[in-house]
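Okay, structure first, notes after.
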Amino acid sequence: MSSSVVGTRTAPAPAPSLPRALIVKEELRPAEWPGSSEEGVLGKKVLAKEEDEYAWMGQIAEAKTFYPTAEDFREPFLYLNKISVEASRYGICKIVPPVKASVPAGKVLRRFNFTSNVQHLGVHKQKKRTKGSKKFFRSGKNYTLDTFQEMANKEMTKRFGCSGSLPANIVEQEFWKEMLKPSQSKTVEYGSDLEGSGFSKNTSSCPLSRSKWNLRDFARCSLSSLSNLKSNIPGVTEPMLYCGMLFSQFAWHVEDNFLNSINYHHLGAPKFWYGVPQEHAKLFDECASKYVFLNSPADGGEVKDNQIHEAAGNFINKTTMFCPKILVENSVKVFKIVQNPGEFVITFPQAYHGGFSMGFNLGEAVNFATREWYQFGIAAEMRYSELKRTPVVSVEELLASDFDKLRKVDNYNEVPTVKMIAAWYSKIEKICKTFSEIVKQNADRAQIFWLKENSIPVSCASCQCTCYFSYYTVSDAPTPFCSKCISERELAERAAKETKTTTYRVYVHPVLKTICEYLQGLTESPAMNKHFTDKQKKWIQIRVHNFKRFTIVIQPRRGKRKRVELESLVDTCREELLWNITQGTGP
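In the working numbering, the protein residues as written are 696 to 1282.
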């Protein structure tokens, strides 16, 4: 596959082709078997049928490869921001760094040992799981890096007659031949989600470890929103290792909370990646629901939203692999990348990706989030809410922490992105709308409380979403509810036409007012002209003004409010919503 060259650094010359002796499958083609001419004709027909069956492989284009200069490479988040618009169109991209690791991962991990997972080869088959049915993986053996490599190379030699790297298109075809066999009992081993890092701690002797691309510290970089997390989360804020062999696979998935990920290839055979950009994520879910999980409507109509959510929920477990041919045939954009040692692969928010190893290899990965990520984080929250799953990170808490960092920057020299402000406002809009609905129906039985500054997030008792900015409790069920679930509960109570005795308590975090005051100052500063367009300025000013009116009514003191004040707040919320409709919804 040809590389796409982007940037000022020159791409390296292509590697020389392998000796014919190593291309085992070419020597075993039926068309070349000795014998009668009839056998030769039969062999050619078989080969033609096989080539036609895998023609879809040639329809998958290669994602972009970027070659940063040494200057570009100094600041990873600035460089990623520079290429993100173009690179995210592919869902995944490859970055070839200008420096290499001088301390090999094998040396760093010489005492490392792990327990592998055993994966059954085969695509997802829709069937009811029984006690004895196959799982995607089970626990395997204990290995060191050396003993796993020895085992992996033996298996590679059994299949191809050698343990060296083979052309990517040959390995790809052999992988899907194996995966698509109707009766499959073969297994491979994979060391996945292993806590540790192959980057040298002795940064003085290794230029790559010394750089800001060292995955030990990447997620905690000051420009990563994940640096605001108070606790470590393996795989999210702390890197994990992945040790593969021929055909060990990482199933189709999006990252937790639709985060970005960065993946470094330390050593060994290449890793083959497929990626689907965010703009086609819904199409991906629809295809999976119809053709993988067999939820196709009997009338041939569209897949329902709940079926799409159900399909998406299956991918959260990272145990479903299916052939990209399904995506190609249904016009879903899918791209591929072959990742070699010393190269990075970036995955973008809500981009499905999956793939397999082309032999023994060792990789490392960790998540990160830029300030452009919040809109995807909110979308992930909505998905988790539908599936009643607890998010890995709290979007609201990270958003508040990012605003707090920016608030401390003098003279607004660094400001939030428009998408950050939009994410904050979408949260405010939901709070205002729900509060308006609740108070309108229950003014005599509604109480407002300001939370303490150091309050921590709580989980909604109904949908498990994380609430930080605000939440509700009710007198007959004192557990917390999010805005969405309390609204549904109140509507159900109204529909039942029961005599209402429920008292609603609304808890609001004072950080919302702090953020509003910060944004108010920003709108009045010269920085607005420096950082935002006229359209963006107007959009920000309207939204800050709307929430300022909301906070005037909720004074920072605890206690039940008078009915007249609550009704005034309803009017404020109603005005705010009307203003929103008349002024438009986006910058």
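Note that the Cβ used here is the ideal one computed from N, Cα and C, for glycine as well.
Output needed for residue i: all residues of its chain with C-beta closer than 8 Å, excluding positions within five of it in sequence on either side, in chain order.
i            : result
residue 921  : 914, 915, 931, 932, 954, 1062, 1063, 1064, 1088, 1093
residue 1218 : 1232, 1235, 1236, 1239
residue 929  : 888, 890, 935
residue 768  : 774, 792, 793, 794, 906, 908
residue 650  : With the chain running from 696 to 1282 in the structure shown, residue 650 is simply not present.
residue 1222 : 1106, 1107, 1108, 1110
residue 814  : 831, 832, 882, 883, 884, 885, 943, 944
residue 812  : 832, 833, 834, 835, 884, 885, 886, 887
residue 919  : 772, 913, 1063, 1064, 1065
To which residues does DSSP link residue i through a beta bridge?
i            : result
residue 1041 : 788, 957
residue 1059 : 936, 959
residue 1154 : 1161
residue 948  : 1048
residue 968  : 1032, 1050
residue 889  : 936
residue 838  : 809
residue 884  : 813
residue 1169 : 1172, 1199
residue 929  : 933
Whose C-beta lies closer than 6 Å to the C-beta of residue i among residues of the same chain, with five residues either side of it excluded?
i            : result
residue 783  : 1043
residue 851  : 858, 941, 1054
residue 975  : 1027, 1028
residue 1096 : 923
residue 937  : 887, 1058
residue 778  : 761
residue 873  : 816
residue 1214 : 1239
residue 866  : 1053
residue 939  : 885, 1052, 1056
residue 771  : 907, 908
residue 1083 : 1158, 1159
residue 1041 : 788, 957
residue 1146 : 1202, 1204
When the Cα atoms are used, what is the spatial distance from residue i to residue j?
i            : j            : result
residue 713  : residue 862  : The predicted model places residue 713 with a pLDDT of 41, which falls under 50 and marks its position as unreliable, so this point remains unresolved.
residue 1182 : residue 1133 : 7 Å
residue 1022 : residue 785  : 14 Å
residue 792  : residue 892  : 18 Å
residue 1012 : residue 1005 : 12 Å
residue 847  : residue 896  : 28 Å
residue 845  : residue 790  : 29 Å
residue 1148 : residue 1206 : 7 Å
residue 1111 : residue 1226 : 9 Å
residue 957  : residue 1199 : 44 Å
residue 1050 : residue 1170 : 51 Å
residue 1185 : residue 1142 : 15 Å
residue 749  : residue 1024 : 12 Å
residue 1144 : residue 875  : 59 Å
residue 1151 : residue 1209 : 17 Å
residue 1009 : residue 1071 : 19 Å
residue 804  : residue 904  : 14 Å
residue 1037 : residue 960  : 6 Å
residue 1203 : residue 1076 : 19 Å
residue 977  : residue 1048 : 14 Å
residue 854  : residue 1174 : 58 Å
residue 849  : residue 964  : 14 Å
residue 1165 : residue 968  : 41 Å
residue 1255 : residue 894  : Interpretation of residue 1255 is limited by its pLDDT of 45, a score under 50 that renders its predicted location unreliable; the figure taken from the coordinates is listed afterwards. Rounded to whole angstroms, residue 1255 to residue 894 spans 56 Å at the Cα level.
residue 864  : residue 1178 : 51 Å
residue 984  : residue 1060 : 29 Å
residue 1216 : residue 1000 : 42 Å
residue 950  : residue 870  : 24 Å
residue 1015 : residue 1046 : 15 Å
residue 1127 : residue 1167 : 13 Å
In chain order, what residues of the same chain have a beta carbon less than 7 Å from the beta carbon of residue i, not counting five sequence neighbours either side?
i            : result
residue 801  : 840, 962
residue 1007 : 980, 1078
residue 1069 : 1090, 1094, 1114, 1115, 1118
residue 1250 : Reliability fails at residue 1250, whose pLDDT of 46 lies under 50, so the model's placement of it is uncertain and the value that follows must be treated cautiously. The answer is none, since no qualifying residue turns up.
residue 868  : 749, 752
residue 1073 : 1090, 1118, 1121
residue 781  : 759
When you measure from the CB of residue i to every non-hydrogen atom of the ligand NAP, does any distance come out below 7 Å?
i            : result
residue 1007 : The ligand NAP is not part of the structure shown, which contains no ligands of any sort.
Length-filtered (4 minimum) alpha helix (DSSP H) runs lying within the region 1173-1227: Fully enclosed alpha helix (DSSP H) runs of 4 or longer: 1178-1191, 1206-1218, 1222-1226.
Determine contact between the region 935-951 and the region 748-765, defined as no fewer than three beta-carbon pairs at a distance below 8 Å. Judged by Cβ distances under 8 Å, the region 935-951 makes no contact with the region 748-765, as fewer than three pairs qualify.
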